[in-house]
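There are 2 protein chains.
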Amino acid sequence: MRAAEMIELWRGGRRESLHLGHAVICDSTGVLEAWGNPSEVIFPRSSCKMVQALPLLESGAADAAGLTDRQLALACASHNGAHIHVEAVDRWLTTLDLQETDLRCGCHMPKDPDENRRLTCSDHKPDQRHNNCSGKHAGFLTLNRHLGGGPEYVDPEHPVQQAAKAAFEEVTGETSPGYGIDGCSAPNHACSLTGLASAMARFAKPGGDRRGQAMQRLVAAMRTHPEMVAGEGRACTTLMRAMQGKVAVKTGAEGVFVAILPEQGLGIALKALDGATRASEAAIIALLLHLDVLDKDNPVVSTYLTGPIRNWRGTVTGEMRTAPGFPD
Amino acid sequence: MRAAEMIELWRGGRRESLHLGHAVICDSTGVLEAWGNPSEVIFPRSSCKMVQALPLLESGAADAAGLTDRQLALACASHNGAHIHVEAVDRWLTTLDLQETDLRCGCHMPKDPDENRRLTCSDHKPDQRHNNCSGKHAGFLTLNRHLGGGPEYVDPEHPVQQAAKAAFEEVTGETSPGYGIDGCSAPNHACSLTGLASAMARFAKPGGDRRGQAMQRLVAAMRTHPEMVAGEGRACTTLMRAMQGKVAVKTGAEGVFVAILPEQGLGIALKALDGATRASEAAIIALLLHLDVLDKDNPVVSTYLTGPIRNWRGTVTGEMRTAPGFPD
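These protein sequence lines are chains A and B, in that order. Per this note's numbering, the very first residue in the first sequence carries number 440; after that it's consecutive. Per this note's numbering, the very first residue in the second sequence carries number 440; after that it's consecutive.
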């Protein structure tokens, strides 16, 4: 099945660009709605961080380390390296008696404008705490302390990654056909879009067992601390706030977005074929509108989807639209 | 005709993302090769700046103002707002007895790292000279001085834009079906991809008439001053240098790229359906390799196309590839 037409960009009364993609909505029984190919195998990238965090809770490592919900939200984050994130990772590492050099995520400049400016103008370089995945890695280190593994915790054969893989395969209900190495050096296992949406549906309607309790706590952490999951001005944070914390959402690199809808017991997963973030952000908004969990008048809708596109002088030059049939 | 599969991103032995698009190679007689739909109507955006600059020369305005080839290259530029570009626009405006406020392109932060940092860390805001299109607009103002038009030179009905439209329709050989307003507020006329590639073929093999002379001078200016057309580290500059100035290339927003090949008498035009710059840059490299005007061992090939993708720790995580059949 081919990718579906998802998001269009218009200029001068003409469609200028088009994003194709795949999207699936699941409940606990399976696929409810799909656009494109629900069986498309993708790398979830950072969209599955709440899955990768399951062993942290299920093993007892989180409780042993006394992790707060704010820290659990950070473990599920792709944050923008603002002061609140960097400081939280720093304190977390200190409580583990570890340091920045124990991380294995690598360094990049933070997207947070203030922290970026501070580093740029003081001639400082970012360190691994600024990496958008540093919270996930602090979680990995916490689990590692509990499991007693070696320092190279991003090795696919390492007990931390084996635990993450097992959880991933169980909640997606699939044997992963393989993994890629993510931007932060951790393995990222592939699954079908249906598998990813099913996993999100499980998070939306967790059972009463140990796994269910872990899912419930992670979703609650994300919904309660949206600022820790991404940062000011970022889609995940803005969108969770716009829905008053009723829905948890998470972006992933190369055009992935997922949503967990506890009240409806639904999970969403989507992938823009071309990997564009502007497409995945617009598409998740379209699906949340479709499911009536986001108010069409909420400012976030015009920010990421319907709002006019303006040029450097403020002139309206075009607009984004959902393609005909996405969603109906 | 559907868009063709053009550029793929691979990770972990699996195709992670895919860019579709349309591409056409023309000579003076018409289409030689095409991928996707050669009749696709697109907005050329900044890729047609050398077309928009034709009236500047043909009217005699450029000679009357004593413009240098360096200035003509800047008139065809999407520059990164480095000091050399901002200073050149500033001096150009001064010779016209005009100032920054006479520009109508709007302000945005420059992409040049040094100038960006200078502004950021000194709490200065960018002005219109930093706009990547300020050279084109200095050209518009020069033509306007010659034509005696009013100050709102970006109005589609203004003599400057009427002259640009006439030149555009003549060199594309098409009646434009309409225009959009570009990021810099100037009208941008739509044409087919074949029309755009044909225009580039005309630039590649210009006649001896006034238009031909103008084309020849603009192409020579771009080839001789690649640093003025974009800037250090930018694809257009790097690519023209990599081909020792034998080929002129120009990018346009939303995934457009064109090339002018004087030795072969060929023109290329391509558009990534999704508007991605990474796709248009990789695709133009693929076509230049296909036409044997770019050495496959040139570093630019790995930078923009074949080179491994590395993560924040330097680990190879994937690669870009041309899709099967693009080009053969």
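For each residue, glycine too, the CB sits at the ideal point set by N, CA and C. The structure displayed is predicted, hence computed values, not measured ones.
**Request:** Could you name the residues of chain A that A715 of chain B contacts, counting a contact when the two beta carbons are closer than 7 Å?
**Result:** Against the second sequence, residue 715 of chain B aligns to sequence position 276. Those within 7 Å of A715 of chain B in chain A are D713 and A715.
**Request:** Return the CA-CA distance between G694 of chain B and A711 of chain B, expressed in angstroms with no decimal places.
**Result:** Here residue 694 of chain B is taken as the residue at index 255 of the second sequence, counted from 1. Here residue 711 of chain B is taken as the residue at index 272 of the second sequence, counted from 1. The alpha-carbon atoms of G694 of chain B and A711 of chain B are separated by roughly 5 Å.
**Request:** Kindly say whether H729 of chain B, judged by its beta-carbon, lies nearer than 7 Å to any beta-carbon of chain A.
**Result:** Mapped onto the second sequence, residue 729 of chain B falls at position 290. Nearest CB-CB separation between H729 of chain B and chain A: not below the 7 Å threshold.
**Prompt:** How many whole angstroms separate the CB atoms of P738 of chain A and L632 of chain A, which I take to be in contact at a CB cut-off of 8 Å?
**Reply:** Counting from one through the first sequence, the residue named residue 738 of chain A turns up at place 299. Counting from one through the first sequence, the residue named residue 632 of chain A turns up at place 193. That belief does not hold up - the Cβ atoms of P738 of chain A and L632 of chain A are roughly 29 Å apart, past 8 Å.
**Asked** Would you say S456 of chain B reaches chain A, if we count a Cβ-Cβ gap shorter than 7 Å as a contact?
**Response** Within the second sequence, the letter at position 17 stands for residue 456 of chain B. So, interface residue.
**Item:** Alpha-carbon to alpha-carbon, K735 of chain B and P565 of chain A
**Value:** Position 126 of the first sequence holds residue 565 of chain A. Position 296 of the second sequence holds residue 735 of chain B. Roughly 35 Å separates the two Cα atoms.
**Asked** Given a limit of 8 Å on CB to CB distance, which residues of the stretch 622 to 641 of chain A reach chain B?
**Response** Those residues of the stretch 622 to 641 of chain A placed with their C-beta closer than 8 Å to a C-beta in chain B are G622, C623, S624, N627 and A629, ordered along the chain.
**Request:** Select from B:L657, B:G691 and B:T614 the residue whose C-alpha is nearest the C-alpha of R673 of chain B.
**Result:** In the second sequence, counting from the first residue as 1, residue 673 of chain B sits at position 234. Taking the Cα of R673 of chain B as reference, the smallest distance to any Cα among B:L657, B:G691 and B:T614 is reached at B:G691.
**Asked** Which chain A residues are close to Y618 of chain B, counting only those with a beta carbon under 8 Å from its beta carbon?
**Response** For the purposes of this step, residue 618 of chain B is taken as residue 179 along the second sequence, with counting starting at 1. What Y618 of chain B touches in chain A: G451.
**Prompt:** From B:L678, B:H628 and B:V755, pick the residue whose C-alpha is nearest to that of V480 of chain B; which is it?
**Reply:** Indexing the second sequence from 1 puts residue 480 of chain B at position 41. Between V480 of chain B and the set B:L678, B:H628 and B:V755, the nearest pair of CA atoms involves B:H628.
**Message:** Does R650 of chain A come out as helix, strand or coil in the three-state DSSP assignment?
**Reply:** The count along the first sequence starts at 1 and reaches residue 650 of chain A at position 211. Note: R650 of chain A maps to helix in three-state DSSP.
**Request:** Scan the stretch 442 to 480 of chain A and note each continuous beta strand (DSSP E) run of 3 residues or more that stays entirely inside, going in chain order.
**Result:** The stretch 442 to 480 of chain A contains these whole beta strand (DSSP E) runs: 443 to 450, 453 to 466 and 469 to 474.
**At least three beta-carbon pairs within less than 8 Å, the stretch 498 to 506 of chain B to the stretch 722 to 736 of chain B** = Output reads no: the stretch 722 to 736 of chain B does not touch the stretch 498 to 506 of chain B.
**Residues of the stretch 473 to 490 of chain B whose Cβ lies closer than 9 Å to any Cβ of chain A, in chain order** = Those would be V480, I481, F482 and R484, in chain order.
**Asked** Is D755 of chain A helix, strand or coil by DSSP?
**Response** Position 316 of the first sequence holds residue 755 of chain A. Before going on, a small fix: residue 755 of chain A reads as Val here, not Asp. Here V755 of chain A sits in strand by DSSP.
**Asked** For C487 of chain B versus C544 of chain B, is the C-beta distance shorter than 7 Å?
**Response** Locating residue 487 of chain B in the second sequence gives position 48, where the first residue counts as 1. Locating residue 544 of chain B in the second sequence gives position 105, where the first residue counts as 1. Not closer than 7 Å, so no.
**Item:** Assumed close pair Q655 of chain B, P645 of chain B - CB separation to whole angstroms, cut-off 8 Å
**Value:** Counting from 1 along the second sequence, the entry for residue 655 of chain B is found at position 216. Counting from 1 along the second sequence, the entry for residue 645 of chain B is found at position 206. Contact flag correct, Cβ pair sits at about 5 Å.
**Message:** Let me check understanding here. Comparing Cα to Cα, which of A:R717, A:W751 and A:G764 lies closest to S741 of chain A?
**Reply:** Here residue 741 of chain A refers to the residue found at position 302 when the first sequence is read from its first residue. Looking at the Cα atoms, A:R717 is the closest of the given residues.
**Asked** Is the CB-CB distance between G587 of chain B and H597 of chain B below 7 Å?
**Response** Sequence index remark: in the second sequence, residue 587 of chain B carries index 148 (1-based). Sequence index remark: in the second sequence, residue 597 of chain B carries index 158 (1-based). Their beta carbons are not under 7 Å apart, which means G587 of chain B does not touch H597 of chain B by this criterion.
**Asked** Excluding sequence positions up to five away, which residues of its chain have a Cβ less than 6 Å from the Cβ of A514 of chain A?
**Response** Position 75 of the first sequence holds residue 514 of chain A. Cβ neighbours of A514 of chain A beyond the five flanking positions: A492, G574, K575 and G578.
**Item:** Separation of A473 of chain A from A521 of chain B, as counted between CA atoms
**Value:** Taking the second sequence and counting its residues from 1, one reaches residue 521 of chain B at position 82. Taking the first sequence and counting its residues from 1, one reaches residue 473 of chain A at position 34. Spanning the two alpha carbons is a distance of roughly 47 Å.
**Message:** Using 8 Å for Cβ pairs, my map puts V610 of chain A next to A638 of chain A. What's the rounded Cβ distance?
**Reply:** By one-based count along the first sequence, residue 610 of chain A stands at place 171. By one-based count along the first sequence, residue 638 of chain A stands at place 199. That pair is a contact at about 4 Å.
**Prompt:** What is the C-beta distance between A443 of chain A and L459 of chain A, in whole angstroms, given that I count them as a contact (C-beta under 8 Å)?
**Reply:** Taking the first sequence and counting its residues from 1, one reaches residue 443 of chain A at position 4. Taking the first sequence and counting its residues from 1, one reaches residue 459 of chain A at position 20. The Cβ separation is near 6 Å, so the contact holds.
**Asked** Between B:F765, B:M548, B:R584 and B:T540, which lies nearest to S498 of chain B when the distance is taken from Cα to Cα?
**Response** In the second sequence, counting from the first residue as 1, residue 498 of chain B sits at position 59. It is B:R584.
**Asked** What distance in whole Å lies between the Cβ atoms of L744 of chain A and A640 of chain A, which are believed to be in contact at a cut-off of 8 Å?
**Response** As a first step, residue 640 of chain A must be located in the first sequence, where it is residue number 201. As a first step, residue 744 of chain A must be located in the first sequence, where it is residue number 305. A640 of chain A to L744 of chain A, Cβ: 24 Å. No contact.
**Message:** Can you tell me whether D502 of chain A is buried or exposed? The criterion is at least 16 other CB atoms within 10 Å of its CB, across all chains shown.
**Reply:** Position 63 of the first sequence, counting from 1, holds the residue named residue 502 of chain A. By the 10 Å Cβ count, D502 of chain A comes out exposed.
**Request:** Could you tell me how far apart the beta carbons of T663 of chain B and G670 of chain B are, in whole angstroms, since I believe they sit closer than 8 Å?
**Result:** Position 224 of the second sequence holds residue 663 of chain B. Position 231 of the second sequence holds residue 670 of chain B. T663 of chain B to G670 of chain B, Cβ: 16 Å. No contact.
**Request:** Below 7 Å CB to CB, which residues in the same chain sit around L678 of chain A once its five sequence neighbours on both sides are set aside?
**Result:** Here the question's residue 678 of chain A lines up with position 239 in the first sequence. If we look at L678 of chain A and ignore the five residues flanking it on each side, its Cβ neighbours are V688 and V739.
**Asked** E455 of chain B: buried (16+ other C-beta within 10 angstroms of its C-beta) or exposed?
**Response** Working through the second sequence from its first residue, we reach residue 455 of chain B at position 16. It counts as buried.
**Request:** Report the rounded CA-to-CA distance for E447 of chain A versus G764 of chain A, giving the unit in angstroms.
**Result:** Locating residue 447 of chain A in the first sequence gives position 8, where the first residue counts as 1. Locating residue 764 of chain A in the first sequence gives position 325, where the first residue counts as 1. Each residue's alpha carbon lies about 12 Å from the other.
**Message:** Taking the alpha-carbon of F696 of chain B as reference, which of B:Q652, B:R453, B:P552 and B:M489 has the nearest alpha-carbon?
**Reply:** Walking along the second sequence from the start, residue 696 of chain B turns up at place 257. If we check each option's Cα against that of F696 of chain B, B:M489 comes out closest.
**Request:** Please state whether DSSP places Y743 of chain B in a helix, a strand or coil.
**Result:** The residue labelled residue 743 of chain B in the question sits at position 304 within the second sequence. Here Y743 of chain B sits in helix by DSSP.
**Request:** Check the DSSP bridge columns for K689 of chain B and list the partner residues they point to.
**Result:** Here the question's residue 689 of chain B lines up with position 250 in the second sequence. Per DSSP, B:V697.
**Request:** Note down, in chain order, every chain A residue with its Cβ under 8 Å from the Cβ of C560 of chain B.
**Result:** Taking the first residue of the second sequence as 1, we reach residue 560 of chain B at position 121. Under the 8 Å cutoff, chain A gives R556, T559 and C560.
**Asked** Any idea what DSSP makes of L709 of chain A, helix, strand or coil?
**Response** As a position in the first sequence, residue 709 of chain A is number 270, starting the count at 1. For L709 of chain A, the three-state secondary structure derived from DSSP is strand.
**Request:** Give the range of the alpha helix (DSSP H) segment to which P598 of chain A is assigned.
**Result:** Against the first sequence, residue 598 of chain A aligns to sequence position 159. Counted as a single uninterrupted DSSP element, the alpha helix (DSSP H) harbouring P598 of chain A occupies residues P598 to T611.
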